[in-house]
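Asks:
Numbering (UniProt numbering), first residue to last: 1 to 260.
Written out as structure tokens, the structure is:
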């Protein structure tokens, strides 16, 4: 049997095994019927699905999913709204997809105390986050989730502006930053949101695009396909932007030597 039969011809990514996808559908049903807590959904359904999509992606070597439920926004000054700043400990998300930078680059960033994200949580401190995910139980907290991810994304934009300034970018205040993909997962349902910066006035596109459900095999494959598209975006759009406007300027010769 030809190996190409197991690849998505649109993205070039592999397709997860039917057995693994079916198991996730069964776990989704169990979490629903048992009234499982959010932590159980994250552990038994969401994270395995994220890893399934990553491991079948052609970008798997350079990307990593992190459980960042305990990653707080830091410093608090990244939250402009004083009322939101008081809630900063609760303005977290559950998962993040980051680019895995070479050790020599991360060591240089650490020496300069240059965290790349809106959190100083160790696993993502020097690995730039591209995609953030907030999860909720079925039917739970849509409005609060919007406030939560908006604060998180706006803090990320503000941190990127600080890095652009530290990097000496002449247009650090006006340079367009790529829109930030945000995923909202409500039980089995996956929805794409997006946060765009308008130089100080961020906008969350919260109407959303539902792109799959883990209640069926087909719905789960749709989620995997959507995640793989976002992983391709991360390496083809987000990474070149970070590389050109921040890393080349911040780490200089260390980074350039890696490209030779």
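Glycine included, C-beta positions come from ideal geometry on N, C-alpha and C.
For residue 7, collect the residues of the same chain with a Cβ closer than 8 Å to its Cβ; drop the 5 residues on either side in sequence, then sort them by chain order.
Replies: Legend: pLDDT at residue 7 = 41, less than 50; position of this residue unreliable, value from coordinates given subsequently. Excluding sequence neighbours, residue 7 sits near 13, 14, 15.
Asks: Given residue 50, which residues of its chain have a CB within under 6 Å of its CB, disregarding the five upstream and five downstream residues?
Replies: Counting only Cβ-Cβ distances below 6 Å, and skipping sequence neighbours, we find 65.
Asks: Looking at C-beta atoms only, is the number of pairs between the stretch 109-123 and the stretch 28-42 that lie closer than 8 Å three or more?
Replies: Output reads no: the stretch 28-42 does not touch the stretch 109-123.
Asks: How many angstroms separate the CA atom of residue 319 from the CA atom of residue 252?
Replies: Since the first and last residues shown for the chain are 1 and 260, residue 319 lies out of range.
Asks: Pick helix, strand or coil for residue 249, following the three-state DSSP scheme.
Replies: Helix, per DSSP.
Asks: Output yes or no for whether 8 Å exceeds the beta carbon distance between residue 139 and residue 192.
Replies: Cβ atoms of residue 139 and residue 192: not closer than 8 Å.
Asks: Which stretch, first to last residue, makes up the alpha helix (DSSP H) that contains residue 220?
Replies: Unbroken alpha helix (DSSP H) run through residue 220: 217-233.
Asks: Taking the beta carbon of residue 170 as the centre, do at least 16 other beta carbons fall within 10 Å, making it buried, or is it exposed?
Replies: Exposed: under 16 other Cβ atoms inside 10 Å.
Asks: Does the distance from the C-beta atom of residue 101 to that of residue 63 stay below 8 Å?
Replies: Not in contact: residue 101 and residue 63 (Cβ atoms no closer than 8 Å).
Asks: Just checking, does the stretch 230-241 make contact with the stretch 196-216 on the three C-beta pairs under 8 Å criterion?
Replies: Result no; under three Cβ-Cβ pairs closer than 8 Å.
Asks: Along the chain, where does the alpha helix (DSSP H) that runs through residue 108 open and close?
Replies: Here the alpha helix (DSSP H) through residue 108 covers 103-111.
Asks: So, at 6 Å on beta carbons, what are the nonlocal neighbours of residue 61 in its own chain, with the 5 sequence-adjacent residues on each side left out?
Replies: Excluding positions up to five away in sequence, the list is empty.
Asks: Based on Cα-Cα distance, which residue from 189, 73, 57, 203 lies nearest to residue 129?
Replies: Looking at the Cα atoms, 73 is the closest of the given residues.
Asks: Does any residue of chain C bring its CB to less than 8 Å from the CB of residue 232?
Replies: Absent from the structure is chain C; it holds one protein chain and no more.
Asks: Applying the criterion that 16 or more other CB atoms from any shown protein chain within 10 Å of the CB defines a buried residue, is residue 109 buried or exposed?
Replies: Answer is buried; the Cβ neighbour count reaches 16.
Asks: Among 180, 155, 164, 105, which residue has its Cα nearest to the Cα of residue 131?
Replies: Taking only the C-alpha atoms, the option nearest residue 131 is 180.
Asks: Assign residue 244 to buried or exposed, taking buried as 16 or more other Cβ atoms, counted over all protein chains shown, within 10 Å of its Cβ.
Replies: It counts as exposed.
Asks: Following the continuous beta strand (DSSP E) through residue 130, name the residue where it begins and the one where it ends.
Replies: From DSSP, the beta strand (DSSP E) with residue 130 extends over 129-136.
Asks: By how many angstroms is the C-alpha of residue 144 removed from the C-alpha of residue 183?
Replies: C-alpha separation (whole angstroms): 14 Å.
Asks: What are the uninterrupted segments assigned as alpha helix (DSSP H) that are 4 or more residues long and contained completely in the stretch 142-207, given in chain order?
Replies: The stretch 142-207 contains these whole alpha helix (DSSP H) runs: 142-166.
Asks: Below 7 Å CB to CB, which residues in the same chain sit around residue 209 once its five sequence neighbours on both sides are set aside?
Replies: Excluding residues within five positions, the ones whose Cβ falls inside 7 Å are 191, 192.
Asks: Only counting the same chain, and skipping five residues up and downstream in sequence, which positions put a Cβ closer than 7 Å to that of residue 222?
Replies: So the list reads 211, 212, once near-sequence residues are dropped.
Asks: Since residue 228 and residue 53 are thought to touch, with beta carbons under 8 Å apart, how far apart are those beta carbons, to the nearest angstrom?
Replies: Indeed they touch by this definition, with Cβ atoms about 6 Å apart.
Asks: Pick out the complete beta strand (DSSP E) segments inside the stretch 36-73, 3 residues or longer, and give them in chain order.
Replies: Counting only runs of 3 or more, we get 63-67.
Asks: Look at the Cβ atom of residue 114, then the Cβ atom of residue 250, and state whether they are nearer than 8 Å.
Replies: Yes, the pair counts as a contact, with Cβ atoms nearer than the cut-off.
Asks: My output table needs one value for residue 212: the three-state DSSP class, helix, strand or coil.
Replies: If DSSP states are grouped into helix, strand and coil, residue 212 belongs with the strands.
Asks: Thinking C-beta only, is residue 163 closer than 8 Å to residue 246?
Replies: Against a cut-off of 8 Å, the Cβ pair of residue 163 and residue 246 comes out as a contact.
Asks: From the DSSP output, in three-state form, read off residue 18 for me.
Replies: In this structure, residue 18 counts as helix in the three-state DSSP scheme.
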